[in-house]
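Number 32 in full-length UniProt numbering belongs to position 32 of the sequence shown; there are no gaps in the numbering.
Glycine is no exception: its CB is placed at the ideal position from the N, C-alpha and C atoms.
Owing to the predicted nature of the structure, the values given are computational and were not obtained by experimental measurement.
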Amino acid sequence: MAVQFTRIAVKIGSNVLARKDGTLDVTRMSALVDQVAELRKAGVEVILISSGAVASGRSEIKPSKKLDSVEQRQLFSAVGQAKLINRYYELFREHGIPVGQVLTTKESFGTRRHYLNQRNCMMVMLENGVIPIVNENDTISVTELMFTDNDELSGMIASMMDMQALIILSNIDGIYNGSPSTLGTQVIREVEQGKDLSDYIQTEKSGFGRGGMLTKTTIARKVADEGITVIIANGKKDNILVDLLQHPAGTVCTRFIPAEGGVSSVKKWIAHSEGFAKGELHLNEQAVKVLKGHKAVSLLPVGVVRIEGEFEKDDIVKIIDHRGRQIGVGRIGFDSAEARALQGKHGQKPMVHYDYLYLD
Ligand SMILES: Nc1ncnc2c1ncn2[C@@H]1O[C@H](COP(=O)(O)OP(=O)(O)O)[C@@H](O)[C@H]1O
Ligand SMILES: N[C@@H](CCC(=O)OP(=O)(O)O)C(=O)O
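Here it is as structure tokens:
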């Protein structure tokens, strides 16, 4: 079988795996596992990011008293994740393919060391023929440091693992150019770089999903900007994964065209680290102009007019333009006291070196 990609991350949304009544759709799961097995035989390396813990736990347990939303999520995911991974394990075993569970939190992407630990873990799994099945650790990720949803997690994984493509499977054929339920709207087949889709996206979500189409679009754009093809397709359709790789032109989906030329590993980490920023560097107009120009340049202290927050050397900071808009993120070369002492000065070492600067 000739396939378009040989390293892919596949995100399976809650709605693909849950039936209308909230129970786990084992037939669908089994069909997806068969397809992954077929791709593996054709030499494709696969990482799965699978939602469905909360949805599959919900139908399993009837709480003895009324629970708040956090408690519900903790209880259902604790039970549901066990059920989910057990199913995957059994289904993949029929194909002789070992799988491993990776549960993570947003915080685990916060420091470079943790990031590399996770990366190494999944590398060694792949090298040994084990398919990583990733999900957020919903039992402990309950505060503001949660992923927006598993779309965000899948983007971080695809980026971290240098995948060629990220396939986001939902219960819809792709992004429609209007409300999907309105007659006459169609799937947008290709999204070029820089194309704004916000007018098309409705805030509605499907029954069990968390983030909706808006997070899918934001994440897809960011990941495609790093050189990775992103595809949004319908996981409920028979043979969808194999068709996407084998017959890309004839299979309905939304495809985000990737930027040319790769982005370094450390820049990819920085690009997805905005949530961990400890401070802000406010720039003057000239510095913004230079950074946005065609040449690769570092951010020098002379262009910084104000510094917010307390941070250590090597922490992540947001880069803010002269109009107060965020234009990127970077890893700072000084702690906040040193940085404040240097701001506005000529002839100093970069505040953010080009290698550690990611502009939107
Ligand atoms: N323009 C659009 N095109 C397609 N789907 C849209 C659009 N606007 C909103 N949606 C909604 O987004 C849903 C998919 O997102 P989500 O519920 O998060 O699914 P998942 O559980 O697969 O992550 C669709 O079922 C649809 O209701
Ligand atoms: N970690 C959660 C996933 C929630 C989530 O983001 O769902 P989805 O919007 O379907 O990707 C679970 O397994 O239930």
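Not one heavy atom of ligand 1 falls within 7 Å of the beta-carbon of Met29.
In its chain, beyond the 5 residues on either side, Glu190, Ile231 have a beta carbon closer than 6 Å to the beta carbon of Arg255.
Residue pairing for Ala165: DSSP places it in a beta bridge opposite Ile8, Thr229. Look at Tyr354 here: in three-state DSSP terms it is helix. Residue Leu281 holds the alpha-carbon nearest to the alpha-carbon of Gly303 among Arg323, Leu281, Ala296. Going by DSSP, Ile201 is part of no alpha helix (DSSP H) at all; its letter is neither H nor E. If the five residues before and after Leu145 are omitted, its C-beta is found closer than 8 Å to the C-beta atoms of Thr105, Lys106, Glu107, Gly275, all from its own chain and listed in chain order. Around Val3, the same chain offers Leu39, Ala42, Gly43, Val44, Leu245, Gln246 as residues with beta carbons nearer than 8 Å, after the five sequence neighbours per side are excluded. Judged by the Cβ position, Gly100 fails to qualify as a neighbour of ligand 2 at the 7 Å threshold, every heavy atom of the ligand being at least this far. The alpha-carbon of Asp243 is positioned some 19 Å away from that of Ile228. Secondary structure remark: continuous beta strand (DSSP E) runs of at least 3 residues inside the region 295-337, in chain order: 304-308, 316-320, 326-331.
Ser141 and Val102 have their alpha carbons spaced roughly 14 Å apart. Between Tyr354 and Val297, the C-beta gap is smaller than 8 Å, which places the two residues in contact.
Note on geometry: alpha-carbon atoms of Phe311 and Gly279 lie some 6 Å from one another.
Note on geometry: alpha-carbon atoms of Lys267 and Leu357 lie some 7 Å from one another. With contacts defined by Cβ atoms closer than 8 Å, Ile167 and Ile47 do not form a contacting pair.
The C-alpha of Asn137 lies about 14 Å from the C-alpha of Asp151. If you draw a 10 Å sphere on the C-beta of Ala53, you find 16 or more other C-beta atoms in it, and that means buried. Between Val99 and Ile133, the C-beta spacing is below 8 Å. About 6 Å separates the beta carbon of Val26 from that of Arg87, a gap short enough to meet the 8 Å contact definition.
Cβ-Cβ separation between Gly235 and Leu169: approximately 3 Å, consistent with a contact (criterion under 8 Å). At the C-beta level, Asp238 and Leu283 stay beyond 8 Å of one another.
Here the distance from the Cβ of Val16 to the nearest heavy atom of ligand 1 is below 7 Å. Comparing alpha-carbon positions, the option among Phe334, Gly174, Lys216 lying closest to Met156 turns out to be Lys216. C-alpha of Cys121 to C-alpha of Pro301: approximately 38 Å in a straight line.
About 7 Å separates the beta carbon of Ala55 from that of Leu17, a gap short enough to meet the 8 Å contact definition. Rounded to whole angstroms, Ala158 and Ile131 show a C-alpha spacing of 14 Å.
When DSSP reads this structure, Gln348 sits in no beta bridge, so it has no partner. A straight-line Cα-Cα distance of about 38 Å links Val290 and Gly178. Annotation for Gly279: the continuous beta strand (DSSP E) segment containing it runs 279-283. Comparing C-alpha distances from Ser30 to each of Lys20, Ile49, Glu94 shows the shortest one belongs to Glu94. Setting aside the 5 residues that flank it on each side, Gly309 is surrounded in the same chain by Lys278, Gly279, Glu280, Ser336, each with a C-beta closer than 7 Å to its C-beta; the list follows chain order. Straight across, the Cα-Cα distance linking Gln35 with Glu226 is about 27 Å. Per DSSP, the beta-bridge partners of Thr104 are Glu136. Annotation for Ser50: the continuous beta strand (DSSP E) segment containing it runs 45-50.
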